[in-house]
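One point on numbering: in my numbering, the residue at position 142 of the sequence shown is 797, and numbering is uninterrupted.
Each remark here refers to the structure printed beneath this line.
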Amino acid sequence: MIISSYKSVLRGQCNAFFQVTMSRPKILAASGNHVKLEVPSGWFTTLSVVSRKPYNQLVTCDFVVQGDAKNHFIVNKYGQNSQTMRDLDSTEDILPIIPQNEPVVIDINVYFSTKGSVKEDALKNDSYKSSRLNILGTQKPANAPKDFPDYNTYLIFVEDAPPTIQVQGAPEYDDSLITINIIQGLATAPKPDTSSQAIAQTGKEAINNFLNQYTDPSKPGPTIPDTDIKPPPPQPASPYPVGILGAGVSGLYAAMMLQSLGIKYEIMEGSGRTGGRLYTHYFPKNPGKYQYYDVGAMRYPETTFMTRTFDLARKRLGINMIPYIRSDVGDDPFFNFNGRTVTRAQSNAANLVKDDLFKVTEKNDGNVPEVWFNRGSGYFWDTILGQLRDNFKNYPFAQAFEMLKEWEEHSVTSYLMLIHKVPYPVIKWWESVESRTGLFDQSLTETVLASLVFMDPNVKNPNWFCFDGGSEVVHKAMVERLNVKPQHYMRAVIIKDSDDGKSITVTFNTERNPRPQTQTRTEKKYSNVISTMSLACLRMVDLDNLYLSYGQRNAIRQLMYTPSIKIGLQFKKPWWEDLNIVGGQSSTDRPIRDVVYPSYGPDDSHPGSQKSNCMIAAYNGMQDAQRLGGLMKGRDTPEEKVLLDIVMRDLAALHNQPVDKLWDLYEDYYPWDFYRDEFQLGAFCQFGPGQFQYTYPYVTQPASKDQRFHFAGDATSTFHGWVAGALNSAWRAVLGMLLAHPELNPNPGEDIIAKFKREWGDSEEWDQRDLAKHVYVGREVGKINRQNS
């Protein structure tokens, strides 16, 4: 899911994994009223205060991270502070310290008030320091089990007496007790980048709101008591395998997980190929190692939310990844707008505002007011979206996320027009230069989240990768590791509950013939079905006899898959390298929109180049994709001859080259439109305003009478549009299935959930208990709805 622009291609970010130190908590200072502790990165802290004299005690805690005060926390019987007012009689204040790159210093000062109410700004006038304190501590015993978490506990006993009237003899250290518990977090946990946190949190909020609807008695509709998450009633083991519909990366990953657990499965693929949107096309006319382009997924940022992708590729499959060049090595990508072409070098040398190189202002026969033009087209990406992104840098994450949620009902266009009062011509100018035609009608929050992937304010210096040999090497390696291979040309046409909800029956069309009466059909029964089909394709399946909630049927119908096309061209040589372009991309408002130059190569089939001689000559989406896609009618058809002519014409204009020269160098082409692919019917999901709240919870919950139908695929993840989303969705579908059907366990004496977590880890999108609750609520609500129907 990418917002392309001539500015955004020059930007990026990298992954930021924190390294957990092996240091332990330690006391830095302790005297009078003052205690200072250092907490290593990766540890968590709670603070509790109990006082015998709550009428006059004040405790302040200052948190310092990397030398800067982050929070000023005050505990006070009567006073007020920026957090919340606490009662010291018997209270525990949990102070979470998020794991980070640097240690956290906790500075505790104990004061006593001479008045009934103490304010922070009155410390000097209305209070005095405690005179003495005593500290006792304990830590993890040396003989504790190896897997027992490390911890430190400090008990701080405080004497309530001004220095001038200290009690002689033994001090009264029992006037107040401060308890600090510090426990070590998971040593392998990475620090989430902002984009990963924000995208995952969007889904978590939607799930929490959904569950609250059914567990809060004040809400309308059925109420499910939130007192316990009950396991499903015991069921006998099923003789049928688990059916996986779709042999894309999500289906293959689900199969790998089931295989590791000893659960029988089958993978049924409707098309004649494996991989789904992991699709690499090799040009056959003049073959070579690097004579390809990635029709589907092609580039992978090494960010936290891509952890599962890199784990699969590097650790489980041992696949070589090479750097992906987002910004060209040379200084001359091309920008062509309003019929005018400039290179980056030329644009850098010019005063874009003064010169109006693309002639878009009112004084140059355009319609962009000069007051807006003077801010530049990057004002949208850098300033307006930048303000929303920078909230994650300037405020705690939770507060920044709430600030973003304020606008979740807006599209980009409505936000710009109604909130920022941007004129419509300016919005369309920004959309032309910074995005896709029509994409500003989509969700603002989706756009901000997508921009965070490329421009995280807390992460810098990008690391992007692609696969040596194209992304298809991933699904090929996955299939090699499966004992049960995918079956092709098995198109699901009917899915229904069977055996009174004890199985799922799927009818497959094996001939791909549009006339039902001539099709050869076969039925198969499964204990459970994991559908990784796109929701667009699932809508074409007969689901009349499969129990789906109202929300699930609406989600299948409503969720939008954006159009996207790519047109790959092979040339006799990479002529763009003669223009000092190696990697990166150029952009235009012409029909082709974006041109992507290869980051891989060269090979012996086309010697003398730095990289491959195959480029993505057109990469666009939304309305731009629909128009070019309408000409994709099959190789050598009149329509595709027109299409190829348009592409060559646009390439020549964008690069200031004679079109005849490009034709002389031309060898082959291969176009692809994901909307016209009968096994995709769309490129990737793009939630509209409000759809996270009203659709996402339903497609993450098991369906059918007995919760035997499970949704997967990147659209059912918060990271839709990325391979990581497809993998995370398979993780959630498999775990949800195990929670709903523990009888799938082939070894009842073993904890299959624990085995699953050991082998496949946790997910940044889901907590196991939240998922169990989600499954439980879905089961109980389904029973109520079926009884009332």
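Beta carbons: idealized from backbone N, C-alpha and C, even for Gly.
Quantities reported herein were computed from a predicted structural model and do not represent experimental measurements.
So residue i and residue j are in contact, right, with Cβ under 8 Å, and what is the actual spacing, rounded?
i	j	result
I1092	M1277	The sequence given here has Thr at residue 1092, not Ile. Sure, about 6 Å apart at Cβ, within 8 Å.
L1449	L1426	This structure leaves residue 1449 out entirely; the chain is present only between 656 and 1444.
F965	N993	The Cβ separation is near 41 Å, so there is no contact.
M1188	F1163	With 8 Å as the limit, M1188 and F1163 do not qualify as a contact, their Cβ atoms being about 12 Å apart.
R1248	A1272	With 8 Å as the limit, R1248 and A1272 do not qualify as a contact, their Cβ atoms being about 10 Å apart.
G973	Y1351	Not quite, the Cβ-Cβ distance comes to about 34 Å (not below 8 Å), so this is no contact.
R932	A952	6 Å
D1498	N1019	The requested residue 1498 is not part of the displayed model; the chain covers only 656 to 1444.
K1316	N1268	No, K1316 and N1268 are not in contact; Cβ-Cβ is about 15 Å, not under 8 Å.
Rounding to the nearest angstrom, what Cα-Cα distance links residue i and residue j in this structure?
i	j	result
K1410	K1360	28 Å
E924	D1037	43 Å
L750	W1421	With a pLDDT of only 43 at L750, under the threshold of 50, the placement of this residue in the model should not be trusted; the figure read from the coordinates follows. If you take the alpha carbons of L750 and W1421, they lie about 23 Å apart.
I1039	E1057	17 Å
N1049	G1284	43 Å
R928	D805	50 Å
C1121	H1130	14 Å
H1143	F803	48 Å
F1028	V1081	8 Å
N1138	L1390	21 Å
N688	I811	10 Å
R1434	Q1362	7 Å
T1160	F960	35 Å
N1113	F1047	8 Å
V1148	L900	11 Å
G1223	N867	48 Å
D871	Y1070	32 Å
F1334	S926	7 Å
L1094	E1064	16 Å
S1384	R969	20 Å
G917	L1059	44 Å
R1030	I862	40 Å
W1062	G906	35 Å
T793	L832	16 Å
I922	A910	8 Å
K1288	P1397	49 Å
L1382	W1415	11 Å
V813	I763	12 Å
F1339	V760	45 Å
Taking all protein chains shown into account, do 16 or more other C-beta atoms lie within 10 angstroms of the C-beta of residue i, making it buried, or fewer, making it exposed?
i	result
D848	buried
G1263	exposed
E1135	exposed
K732	Here the model assigns K732 a pLDDT of 39, short of 50, so the residue's position is not dependable, and the following value carries that caveat. Answer is buried; the Cβ neighbour count reaches 16.
W1231	buried
V1445	The structure shown does not extend to residue 1445, since the chain is modelled only from 656 through 1444, so no value can be given for it.
Q946	buried
D1279	buried
P1024	exposed
K1266	buried
Q1042	exposed
S1219	buried
H1429	buried
Closer than 7 Å by C-beta to residue i: which residues in its own chain qualify, once you throw out the five before and the five after it? Chain order, please.
i	result
L1107	T849, S850, A853, R1044
W1085	S1032, F1035
D1111	Q668, D848, T849, S850
V1128	I974, F1122
Excluding the 5 residues flanking residue i on each side, which residues of the same chain have their C-beta closer than 6 Å to its C-beta?
i	result
T1439	This sequence places Ile at residue 1439; Thr is not what is there. Cβ neighbours of I1439 beyond the five flanking positions: P877.
W1327	V950, K1221
Y1353	G1206, Q1207, A1210
A1358	L1203, Q1207, F1364
T684	Position check: residue 684 holds Ala in this sequence, whereas Thr was assumed. These residues qualify, in order along the chain: K691.
A1452	Since the first residue shown for the chain is 656 and the last is 1444, residue 1452 is missing from the structure and cannot be characterised.
N807	P680, Q794, I837
S893	S1182
E860	none
Within its chain, find whatever has a CB closer than 8 Å to the CB of residue i; leave out the 5 residues flanking it on each side and keep chain order.
i	result
M1270	Y948, G1223, L1224, F1226, P1229, W1231, V1250, V1251, Y1252, P1253
Relative to the ligand SAM, is the shortest distance from any of its heavy atoms to the C-beta of residue i smaller than 8 Å?
i	result
I1439	As for the ligand SAM, it is missing from this structure, which has no ligand bound.
Enumerate, from N- to C-terminal direction, the unbroken beta strand (DSSP E) stretches of 3 or more residues contained entirely within the segment 1041 to 1124.
1119 to 1122
What runs of the alpha helix (DSSP H), each 4 residues or longer, lie entirely inside the segment 1365 to 1441?
1378 to 1395, 1407 to 1415
Completely contained alpha helix (DSSP H) runs for the segment 912 to 980, where each covers 4 or more residues
962 to 965
Every unbroken beta strand (DSSP E) within the segment 1154 to 1220, with a cutoff of 3 residues, ordered by chain:
1158 to 1164, 1176 to 1181, 1183 to 1186
Whole alpha helix (DSSP H) runs in the segment 1266 to 1292 with 4 or more residues, listed along the chain?
1277 to 1284
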